[in-house]
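Here our numbering is used: the first residue of the sequence shown is 14, the next is one more, and so on. The C-beta atom is built at its ideal place from N, Cα and C for all residues, glycine as well.
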Amino acid sequence: MLISQNWLMSLLNNAGNPGWTVSAEELDAGFVRVGFETEGYEPLPEITGPLVVGRVKEIEELTEFKKPIRYCQVDVGRANGTGELQGIICGARNFKEGDLVVVSLPGAVLPGGFEIAARETYGHISNGMMASEAELGFTATSDGIIVLEEGAGEPGQDAREVLGGPDTVFDVNITPDRGYALSARGLGREVASAFDLEYKDLAADPSIAGIDVSDVPAPAGDLIPITLEESTKAQRFGLRMVEGIDPKAQAPFWLKRVLMLGGVRSVNAATDVTNFVMLLTGQPMHAFDADKIAGGLRVHNAQGGEEFETLDHVKRTLTANDVVISDDNGIQSLAAIMGGTTSEISDETTNVYFEAASWDALTVARSARHHKLSSEASRRFERGVDPAIIEISLDIACALLADIAGGTISDKRTLVGDVKDRAPIEMRVSRPSELIGVDYSKETVVRRLEEVGCAVTGDDETLRVTPPTWRTDLNEPVELIEEIVRLEGLDDIPLELPTPRGGRGLSPVQRRRRAVTHALAYSGYVEIIPTPFMPNTVLDTWGLESGDKRRKTVQVQNPLDADYAVLATTLLPTMLEAVGRNVARGRTDLALYSVAQTVFKTADESPMPSVLERPTPEVLEELIGSLPEQHLHAATVAIGNKELEGPWGKGRTYTWADAIESAQIVAKSCGVELDIESAEHLPWHPGRCAQLSVDGSVVGYAGELHPQILEALGLPERTCAMEIDLTALPISENLPAPVLSAFPALHQDIALVVDDDIPAETVRRTLVETAGELLETVELFDVYRSDALGDGKKSLAFGLVFRASDRTLTDEEANEARLAAAEAAAQRLGAQMRA
């Protein structure tokens with residue numbers, strides 16, 4: 014919130030602290046001391062040289078130019094050294110003969126280094142300039158020059174005194190739970206606490222703000238009938254009237270100054286009054302042209318599809334969630350947000366209805382966001398407005414408007430709704446000390462709670478605290494304790510770091526995840542962090558069957574992106590999107606990996622137990638059973654060259670074998686051994702897909718992706734990928750560490766002829782199982798096919814390494830183990846050993 018330092022200090026001076034003053038730096042520190050950060054503060058630009066009050070005596074209209082120009086004779090007293098009238102050229106149209114204006118004489122330097130000097134323009138000598146609010150630094154733009162109210166000063170008087178003197182504008186950051194602070198009333202209370210000043214609530218005594226409401230007549234009946242429908246959730250609605258005002262009257266400069274420095278544009282007297290009351294008390298108001306209101310007013314929900322033109326001249330389509338104010342002619346205002354053009358204040362308005370209400374915060378927030386129309390009023394109602402100040406806000410507005418524009422305040426007032434009593438909060442006196450670790454006496458606790466407006470009763474053990482109507486954020490004992498600590502000072506809380514308990518390091522699951530990420534990174538893959546969501550239609554693009562487990566997706570109720578409204582059951586969609594983005598930017602050699610959570614739906618709905626009591630064991634079991642399954646997956650995707658071409662030789666592209674190798678890297682880092690078999694599983698190519706299993710359970714797939722899917726996704730041909738479910742892998746501690754043998758190894762080769770459809774992995778596994786304990790490793794190093802072997806046959810050559818831990822092996826022992834393995838392969842697979 015923007016607020017003038019001078020205005021804030023004057024209110025506190027009038028509230029029982031005469032002569033109190035602080036520097037801008039001290040005030041900024043005071044805000045921080047009570048928990049309000051500021052976005053900064055800026056002094057008003059300095060003006061040097063002669064800046065005086067002047068009275069316009071004569072106006073000569075110069076009509077021979079493209080735009081209307083006036084040559085004015087202005088009385089500036091003796092400020093010009095002669096007492097003669099000052100001739101000044103001016104293009105503004107918002108003043109007339111006899112008006113008091115602000116004149117910058119030759120020699121004055123305005124903000125931005127703009128020097129004023131006598132100069133010839135439009136065929137006349139202009140000896141100075143009549144200044145606008147923008148030219149003096151009060152606001153960014155202005156529609157005309159400053160016109161002072163009668164009696165504000167005398168010609169020749171220094172205008173700085175009339176304009177309010179030097180000032181600083183603070184931008185105070187108001188958190189959403191402290192809507193009361195979006196006003197001078199609320200910030201004044203906080204500053205009084207920060208500097209230990211006396212505070213009087215200006216809602217109880219408006220004379221603190223220089224406003225006399227003693228002439229406002231006591232209400233003697235209803236003004237017009239008002240219907241407040243319960244469906245709107247509005248709490249109160251009030252209406253008062255001022256009759257017979259001067260429609261040409263303008264708000265005095267002191268009021269406009271408060272508005273300008275508060276970031277609010279001056280419009281007309283009635284609207285300026287409502288905005289001033291909002292900045293003063295925090296109660297947003299609206300002014301209707303009373304002559305344009307037919308019959309009574311009805312506060313109700315709009316009908317979906319209705320059109321309504323707001324004051325910004327935009328036609329808006331309303332929904333059934335919008336609350337509106339209607340008369341017999343139709344909708345007149347979008348409640349709590351913006352009025353309509355039908356009954357807006359104009360230059361002919363003589364009778365004014367002032368409306369003040371207390372609206373439902375959530376309803377206002379939804380409507381403001383739906384219509385993308387955040388106003389000063391909606392910001393306050395979203396955060397909570399004191400429902401108890403409607404009456405005094407209406408009285409202040411009527412008194413101000415009658416003082417500015419004349420007219421008579423009606424003795425009628427319509428007020429619908431009541432101020433709901435706040436429920437008292439019980440709190441042990443010792444609770445703040447126990448929670449914070451600082452000894453707060455009962456006197457301190459009571460004093461600080463009363464300081465924020467609470468009513469406190471009770472004994473030495475327990476307090477009953479009734480929050481004030483403007484503190485809608487105080488509902489629990491901990492929130493009361495927060496107020497005590499905030500006002501006593503957060504710096505008084507001692508800093509004592511807790512002593513950490515000794516732990517056992519990472520869990521086995523954490524160590525496994527770290528091992529997998531390190532292994533893939535060391536193998537040349539680059540990690541990406543995928544989004545937890547995936548495209549809604551990607552599984553359809555892949556052509557997955559309806560019963561595929563990956564279709565058990567969890568829908569997101571309020572997705573950040575409507576096209577990504579499901580939680581991912583596989584990491585590949587977002588990884589393939591990353592590949593596509595890289596390819597679009599010219600990166601065609603790529604190897605990516607990711608380790609992240611996937612989510613699978615287990616139930617169509619979850620029970621909704623009451624929050625008033627603990628759920629039964631049966632309900633708890635059902636709740637837990639309805640939670641989605643979360644599995645940790647690892648995946649790789651690669652395109653282009655694995656080995657680049659260069660002077661060292663030809664390059665090598667990624668193939669399905671590299672995808673399988675990445676799965677082997679993952680398995681080895683997890684301490685498990687994979688069983689690899691050919692499979693058909695989308696989105697992989699049916700002839701280049703491997704099924705990955707551990708102990709008979711399928712844990713993933715690897716290989717080359719299906720060409721049709723790659724074409725649909727716009728990805729390069731022969732893109733390879735692997736995905737493995739780490740959660741499904743058994744935890745292997747691999748303890749104790751293996752004992753290394755100091756004895757030499759013996760190398761034996763074996764070539765076996767088998768049917769072409771027998772996987773090499775099946776043969777290798779058979780050798781491992783039957784070669785005995787002396788076998789250390791088995792590696793396939795050659796595959797051979799020829800007519801001599803026979804149709805449908807192939808020769809697989811394996812290198813076997815034998816080693817004993819306690820002796821040097823003989824050739825006979827190794828050869829015996831090799832032949833035993835060959836015989837087992839012959840019995841199981843029909844293999845024949847080649848010479």
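| query | Which term fits Met621, buried or exposed, when burial requires 16 or more other beta carbons within 10 angstroms of its beta carbon? | reply | Label assigned to Met621: exposed.
Short Cβ contact (7 Å threshold) for His646 with Asp574
Taking 7 Å as the Cβ cut-off, His646 and Asp574 do not qualify as a contacting pair.
Inspect the CB distances between the stretch 574-588 and the stretch 515-531 and report whether three or more fall short of 8 Å.
Output reads no: the stretch 515-531 does not touch the stretch 574-588.
Need the endpoints of the beta strand (DSSP E) that Leu697 sits in, please. The question names Leu, yet the displayed sequence has Trp at residue 697. Judged by DSSP secondary structure, Trp697 falls within the beta strand (DSSP E) whose first and last residues are Trp697 to Val707.
Assign Cys103 to one of three DSSP states: helix, strand, or coil. If DSSP states are grouped into helix, strand and coil, Cys103 belongs with the strands.
query = With C-beta atoms as the reference, is Ala349 less than 7 Å away from Trp372?
reply = Ala349 is a Cβ neighbour of Trp372, given a cutoff of 7 Å.
Using DSSP with H/G/I as helix, E/B as strand and the rest coil, what is Ser388?
Reduced to three states, the DSSP call for Ser388 is coil.
TODO: Please confirm if the stretch 279-291 is in contact with the stretch 456-469, defined as three or more CB-CB distances below 8 Å between the two stretches.
DONE: Cβ pair count under 8 Å is below three, so no.
Query - Phe108: first and last residue of the uninterrupted alpha helix (DSSP H) it sits in - result: Run containing Phe108: none; DSSP gives neither H nor E here.
Note to self: Quick check on the DSSP output: the beta strand (DSSP E) that includes Lys681 runs from which residue to which?
What the structure shows: Run containing Lys681: none in the beta strand (DSSP E); it sits in the alpha helix (DSSP H), Trp669 to Cys683.
| task | Could you tell me which residues DSSP puts in a beta bridge with Gly116? | result | The sequence shown places Val at residue 116, not Gly. Paired residue(s): Val65 and Met143.
Between the C-alpha atoms of Glu203 and Glu395, what's the straight-line distance to the nearest angstrom?
Using only the alpha carbons, I get a separation of about 21 Å.
**Asked** Asp156 to Ala105, Cα distance in whole Å?
**Response** Asp156 and Ala105 have their C-alpha atoms roughly 8 Å apart.
message: For Gly178 and Val160, what's the separation of their Cα atoms in angstroms?
response: Between Gly178 and Val160, the C-alpha separation is close to 17 Å.
Per DSSP, Phe301 is paired with what?
-> By DSSP's assignment, Phe301 forms a beta bridge with Tyr366.
Does the count of Cβ pairs from the stretch 415-424 and the stretch 468-487 closer than 8 Å reach three?
No: the two stretches stay apart, fewer than three of their Cβ pairs being nearer than 8 Å.
Worksheet item: Any chance the stretch 446-457 sits against the stretch 259-268, with 3 or more Cβ pairs inside 8 Å?
Response: Contact fails: fewer than three Cβ-Cβ distances are below 8 Å.
Decide if the stretch 765-781 is in contact with the stretch 684-695; the criterion is three or more beta carbon pairs, one per stretch, under 8 Å apart.
Because the criterion of three Cβ pairs below 8 Å is met, the stretch 765-781 and the stretch 684-695 touch.
Margin query: Short of 8 Å in beta carbon distance, which residues of its chain neighbour His531, apart from the five on each side in sequence? Order them along the chain.
Written below: So the list reads Ser682, once near-sequence residues are dropped.
According to DSSP, what are the bridge partners of His646? BP columns for His646 point to Ala609 and Asp738.
* How is Thr666 classed by DSSP in three states: helix, strand or coil? -> DSSP places Thr666 in strand when its eight states are reduced to three.
- the stretch 76-93 contacting the stretch 213-222, beta-carbon criterion three pairs below 8 Å: Verdict: no, contact absent.
| Cβ shell of Glu693 (< 6 Å), same chain only, five flanking positions each side left out | Hits under 6 Å: Pro699.
Using DSSP bridges, identify the partner residues of Thr470. According to DSSP, Thr470 bridges with Arg477.
_My parser needs the beta strand (DSSP E) runs of 3 or more residues fully inside the stretch 375-438; what are they?_
Along the stretch 375-438, the beta strand (DSSP E) occurs as fully enclosed runs of 3 or more residues at 421-430, listed in sequence order.
Check: Could you give the distance in angstroms between the alpha-carbon of Val229 and the alpha-carbon of Leu113?
Finding: The straight-line gap from Cα to Cα measures roughly 30 Å.
Should the stretch 95-110 be regarded as contacting the stretch 54-65, the criterion being three or more beta carbon pairs within less than 8 Å?
-> They do not touch, by the three-pair rule.
Review point. Between the stretch 750-769 and the stretch 601-614, do three or more beta carbon pairs fall short of 8 Å?
Key: Result no; under three Cβ-Cβ pairs closer than 8 Å.
Would you call the stretch 483-491 and the stretch 190-206 touching, i.e. three or more CB-CB distances under 8 Å? Verdict: yes, contact present.
Original post:
Which runs of the alpha helix (DSSP H) fall wholly inside the stretch 579-630 and span at least 4 residues, in chain order?
Top reply: Within the stretch 579-630, the runs of alpha helix (DSSP H) at least 4 residues long that lie entirely inside it are, in chain order, 585-597.
- Task: Leaving out five residues on either side along the sequence, give the residues of the same chain with a beta carbon under 8 Å from the beta carbon of Leu413.
- Result: These residues qualify, in order along the chain: Ile224, Leu268, Val286, Phe289 and Val290.
- What are the boundary residues of the beta strand (DSSP E) that includes Asn654? Unbroken beta strand (DSSP E) run through Asn654: Asn654 to Glu656.
Distance between His313 and Ser244 (C-alpha atoms, nearest Å)
It is roughly 7 Å from the alpha-carbon of Ser244 to the alpha-carbon of His313.
Could you tell me which residues DSSP pairs with Asn314 in its beta bridges?
DSSP output for Asn314 lists Val336 as bridge partner(s).
| Pro13 versus Gly125, Gly100, Gly136 and Gly32, residue with shortest Cα-Cα distance | Outside the shown range of the chain, which is 14 to 848, sits residue 13, and nothing can be said about it.
Looking at Gly275: is its Cβ nearer than 7 Å to the Cβ of Leu292? The Cβ-Cβ distance between Gly275 and Leu292 falls below 7 Å.
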